[in-house]
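Numbering (UniProt numbering), first residue to last: 1 to 150.
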């Protein structure tokens, strides 16, 4: 899931600004790609409810597998950002505000603004960065123990 999320984030970081600035109606291919990215982020949300986490060392450092505790931790951290970034706000606004020429101009401006909210997905890079840092630290600790345990 992390690798597909990373690829989806790279796609979002490169394509979304271009799409917002230059492509008023991206066509079917771009829409399908955006829905695939949405699916990847949604799968990541589901996984976040299922993946155990380790408590901080000052709390004992135990691995927490209780689904209620996992859900509570997720709700208190990334859940709101994840939900906001997976709602296709531009599509919802387009469906709600379908009207004449003035309304269409207004809709275009609103949907471009709403598409900017997809940039919120980039905050997930922070989460992946923390994961990479933690993995690197654990690797160094393991190397240290391996070196000095002999």
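Beta carbons are placed, not taken as given, at the ideal position from N, Cα and C, and that holds for glycine.
Is the CB-CB distance between residue i and residue j below 8 Å?
i: residue 5; j: residue 45; result: no
i: residue 43; j: residue 74; result: no
i: residue 53; j: residue 64; result: yes
With a 10 Å radius around its C-beta and 16 neighbouring C-beta atoms as the bar for buried, classify residue i as buried or exposed.
i: residue 55; result: exposed
i: residue 50; result: exposed
i: residue 100; result: Reliability fails at residue 100, whose pLDDT of 48 lies under 50, so the model's placement of it is uncertain and no value is given.
i: residue 41; result: buried
i: residue 83; result: exposed
i: residue 9; result: buried
i: residue 19; result: buried
i: residue 12; result: buried
For the alpha helix (DSSP H) that contains residue i, what are its first and last residues?
i: residue 61; result: Here residue 61 belongs to no alpha helix (DSSP H), and DSSP marks it neither H nor E.
i: residue 81; result: 79-86
i: residue 28; result: 27-48
Any idea which residues DSSP pairs residue i with across the strands?
i: residue 53; result: 64
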